[in-house]
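>
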Amino acid sequence: MAMSTQAHLDSLYERHAKLEEELNHAYFHHQDERAQTIKKQKLRVKDEINRMLHVSAQQSLQRRQAA
13 MAMSTQAHLD SLYERHAKLE EELNHAYFHH QDERAQTIKK QKLRVKDEIN RMLHVSAQQS
73 LQRRQAA
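In our numbering, the protein residues as written are 13 to 79.
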C-alpha cells in the first residue's frame, strides 16, 4: 500500500473515531438531529475506508499475479 494511501486511510480512521465521540456526546445530550447527521457522516467515512481497502487489495492481487 502506498504511503499516501496509508496516510489517507489513517486520517479516515481518525475521523471515524472522532465522529464516534461526537455521536456519543450527541446521544448523551439528547441531540437527535445532530446524532442522525453524525451517523450519516460516519457511514460515508466508513464507506470510503472500505472502498480504499478494496482497491488496495485488488491492486495487491494484480501485482502478485503479474509477478
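Backbone N, C-alpha and C define an ideal beta-carbon position, used for all residues, glycine too.
Tell me the rounded alpha-carbon separation between Gln18 and Leu73.
As a working mapping, residue 18 is identified with position 6 in the sequence shown. As a working mapping, residue 73 is identified with position 61 in the sequence shown. Rounded to the nearest angstrom, the two C-alpha atoms are 17 Å apart.
> Where does Val67 land, buried or exposed, given buried means 16+ other C-beta within 10 angstroms?
Looking up residue 67 in the sequence shown gives position 55. With fewer than 16 other Cβ atoms within 10 Å, it is exposed.
> Going by the CB atoms, is the gap between Lys58 and His37 shorter than 8 Å?
Walking along the sequence shown from the start, residue 37 turns up at place 25. Walking along the sequence shown from the start, residue 58 turns up at place 46. Not closer than 8 Å, so no.
> To the nearest angstrom, how far is it from the Cα of Arg75 to the Cα of Lys52?
For the purposes of this step, residue 75 is taken as residue 63 along the sequence shown, with counting starting at 1. For the purposes of this step, residue 52 is taken as residue 40 along the sequence shown, with counting starting at 1. When rounded, the distance between both Cα atoms is 35 Å.
> Could you give the residue range of the alpha helix (DSSP H) that holds Gln43?
For the purposes of this step, residue 43 is taken as the residue at position 31 of the sequence shown. Gln43 -> no alpha helix (DSSP H), and no H or E assigned at all.
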